[in-house]
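Visitor: Residue numbers (the UniProt record's numbering): 1 to 454. Cβ coordinates follow ideal geometry from the N, Cα and C atoms, glycine included. All values derive from a computational prediction rather than experimental measurement. Once you've had a glance at the structure underneath, I'll fire off some questions.
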């Protein structure tokens, strides 16, 4: 069942229950009102009966005639009974009466000298009446045909109103539900049109700041992530293909030349060495691919523990000092206290060393500047060189696997190091960014959150 129909049905059923309770309450209150009105009419009839039979000798002729006319306008199925002090019938003898002495005594003992009850399943009213002739009890019973007719009419009107109201309510709720869900229909239609090649399309965001607006925005963000992921995939395939094709082309070319005609032993050895060198390049690329897959941030395979960043950077600097004088660098630290982060020391060394290695490779024997500082709730590591720099148009793609800038292709490497660095830093909930102008060097900033618990 569609959401529109389900919402309409659920709202209609809920309202139907409320309407049923309200109408039942109305019917019950009206039925009680009809009963009370009829009981009071029976009481009045009992008073008139008493005046007709007991007050005749005390009234003027005119007053008696007026009371007698009222008495003659009896109720449907009306029966009257008068009991004297001995609880026997007086004035009116009705052998079919089923009134017991207990009922008569209850009327005499009632608080207001009146009692309402059922007699043979019919409403009845009894009053205690004192007269100069003695103490009497008058009981009147009758059929409430008019009241039942009113109740039947009310019940019919309520039922008709209930059914018609529910039909109208269902149609209106379906209309309003359709109107409320119309933006979702537009979103659904747009989604049907989106395929792998059309990820640049976006869902129209409704103006109302509601859940549908939030859904559309979240879906557009998802499309942006998917589009970026597909772009990254295409770029990865393109860059990886280029890196793999170059040594393969060299190997094929060397072998084809060697097979054209017989060669000397020295030429065979030279060709084999060239093929071996290119094969080693392929091995390095494949190993880097495997290494890259192991640094997936979604796979928590590495143990994290407190890491002293000042001590970590100092160990890295000592490592590069041991590599020889060709690696010149200036290291400075503004840390006054020990700064701890929650991380994996080996992974952090790998990430930072990848950036430093690139800085040395592209700096042309110029010194590299390395700084560590404390900024708020994070630690910042800056690595700057004076090398070839990064083309501004390529700054956002330097972290893609196997990407190599046009000015960097003459240098050895596979273009995987920075991608591994980014994955490791993201694994530590940090960020790594690049700032550069082509020909003026590059500066990489690694920002890692401090763990205040250490």
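1) Please name the residue or residues paired with residue 443 in a DSSP beta bridge.
2) Can you tell me whether residue 230 is buried or exposed? The criterion is at least 16 other CB atoms within 10 Å of its CB, across all chains shown.
3) Taking only three categories from DSSP, how would you classify residue 133?
4) What is the rounded straight-line gap between the Cα of residue 106 and the Cα of residue 168?
5) Under the assumption that residue 336 contacts residue 308 (Cβ atoms under 8 Å), give the Cβ distance between them as a whole number of angstroms.
6) Within 10 angstroms of the Cβ of residue 427, are there 16 or more other Cβ atoms? Answer buried if so, exposed if not.
7) Given residue 12, which residues of its chain have a CB within under 8 Å of its CB, disregarding the five upstream and five downstream residues?
8) Could you spell out the range, first to last residue, of the beta strand (DSSP E) harbouring residue 332?
9) According to the neighbour-count rule (16 or more other Cβ atoms, all chains shown, within 10 Å of its Cβ), is residue 343 buried or exposed?
10) CB residue 104 to CB residue 126, shorter than 9 Å?
11) Between the alpha carbons of residue 434 and residue 368, how many angstroms are there, rounded?
12) Secondary structure at residue 80, three-state DSSP: helix, strand or coil?
13) Tell me the rounded alpha-carbon separation between residue 393 and residue 436.
14) My output table needs one value for residue 138: the three-state DSSP class, helix, strand or coil.
15) Would you kindly report the start and end of the unbroken alpha helix (DSSP H) that includes residue 155?
16) Near residue 330, which residues of its chain fall below 8 Å by C-beta distance, leaving aside the five closest residues on each side in sequence?
17) Is it true that the segment 1-8 meets the segment 176-187, where meeting means three or more beta-carbon pairs spaced less than 8 Å apart?
18) Name the DSSP beta bridge partners of residue 308, please?
19) For the candidate residues 389, 347, 212, 334, whose alpha-carbon lies nearest to that of residue 380?
20) Could you check the C-alpha separation between residue 38 and residue 144 for me, to the nearest Å?
21) Could you please give the first and the last residue of the uninterrupted beta strand (DSSP E) stretch that includes residue 118?
22) In the DSSP assignment, the beta strand (DSSP E) including residue 419 goes from what residue to what residue?
23) Compare the C-alpha of residue 362 against each of 349, 341, 377, 328 and name the closest.
24) Could you pull the start and end residues of the beta strand (DSSP E) that residue 40 belongs to?
25) Quick one, are the C-beta atoms of residue 417 and residue 365 less than 9 Å apart?
26) What number of angstroms, rounded off, separates the C-alpha of residue 358 from the C-alpha of residue 206?
27) Could you round the C-beta distance between residue 152 and residue 128 to whole angstroms and report it? I think they count as a contact, below 8 Å.
28) Check residue 356 in the structure and name its three-state DSSP category.
29) Tell me the DSSP secondary structure of residue 203 in three-state form.
30) Could you give the first and the last residue of the continuous alpha helix (DSSP H) run that contains residue 398?
31) Would residue 441 and residue 378 be called neighbours here (beta carbons separated by less than 9 Å)?
32) Determine the burial state of residue 138: buried for a count of at least 16 other Cβ atoms within 10 Å of its Cβ, exposed for fewer.
33) Under three-state DSSP, which class holds residue 90?
34) Which residue comes first and which comes last in the beta strand (DSSP E) that contains residue 372?
35) Please state whether the Cβ-Cβ distance between residue 30 and residue 115 is less than 9 Å.
36) For residue 384, collect the residues of the same chain with a Cβ closer than 6 Å to its Cβ; drop the 5 residues on either side in sequence, then sort them by chain order.
Guide: Reading off the structure:
1) Looking at the DSSP assignment, residue 443 forms a beta bridge with 384, 435.
2) By the Cβ-count criterion, residue 230 is exposed, with fewer than 16 other Cβ atoms from all chains shown falling within 10 Å of its own Cβ.
3) Residue state, collapsed to three classes: coil.
4) Looking at the two C-alpha atoms, the distance is approximately 53 Å.
5) Not quite, the Cβ-Cβ distance comes to about 14 Å (not below 8 Å), so this is no contact.
6) Residue environment analysis places residue 427 among the buried positions, since at least 16 neighbouring C-beta atoms fall within 10 angstroms of its C-beta.
7) Taken in chain order, the residues that qualify are 166, 169, 170, 173.
8) Counting along the chain, the beta strand (DSSP E) containing residue 332 begins and ends at 329-333.
9) With 16 or more neighbouring CB atoms inside 10 Å of its own CB, residue 343 falls in the buried class.
10) Yes, the Cβ-Cβ distance between residue 104 and residue 126 is below 9 Å.
11) Each residue's alpha carbon lies about 15 Å from the other.
12) If DSSP states are grouped into helix, strand and coil, residue 80 belongs with the strands.
13) Using only the alpha carbons, I get a separation of about 11 Å.
14) Residue state, collapsed to three classes: strand.
15) Start and end: 145-180.
16) These residues qualify, in order along the chain: 367, 368, 369, 370.
17) These segments touch.
18) Beta-bridge pairing links residue 308 to 340.
19) Just measuring C-alpha positions, the residue of 389, 347, 212, 334 sitting nearest residue 380 is 334.
20) Computed Cα separation, rounded: 7 Å.
21) Start and end: 114-119.
22) No beta strand (DSSP E) contains residue 419, which is instead part of the alpha helix (DSSP H) from 417-427.
23) Of the candidates 349, 341, 377, 328, the one whose C-alpha sits nearest the C-alpha of residue 362 is 328.
24) That residue, residue 40, is in no beta strand (DSSP E); its alpha helix (DSSP H) goes 3-54.
25) Pairing residue 417 with residue 365 gives a Cβ-Cβ distance that is not under 9 Å.
26) Residue 358 and residue 206: Cα-Cα distance of roughly 47 Å.
27) Contact flag wrong, Cβ pair sits at about 35 Å.
28) Note: residue 356 maps to helix in three-state DSSP.
29) Collapsing the DSSP output to three states places residue 203 in coil.
30) According to the DSSP assignment, residue 398 belongs to no alpha helix (DSSP H), since it is labelled neither H nor E.
31) For residue 441 and residue 378, no; Cβs fall outside 9 Å.
32) For residue 138, the number of other beta carbons within 10 angstroms of its own is at least 16, and it is reported as buried.
33) Residue 90 carries a coil assignment under DSSP once its states are collapsed to helix, strand and coil.
34) DSSP places residue 372 inside the beta strand (DSSP E), whose first and last residues are 368-375.
35) No, these two residues do not count as a Cβ contact at 9 Å.
36) Residues of the same chain with a CB within less than 6 Å of the CB of residue 384, apart from the 5 flanking positions on each side, are 369, 443 in chain order.
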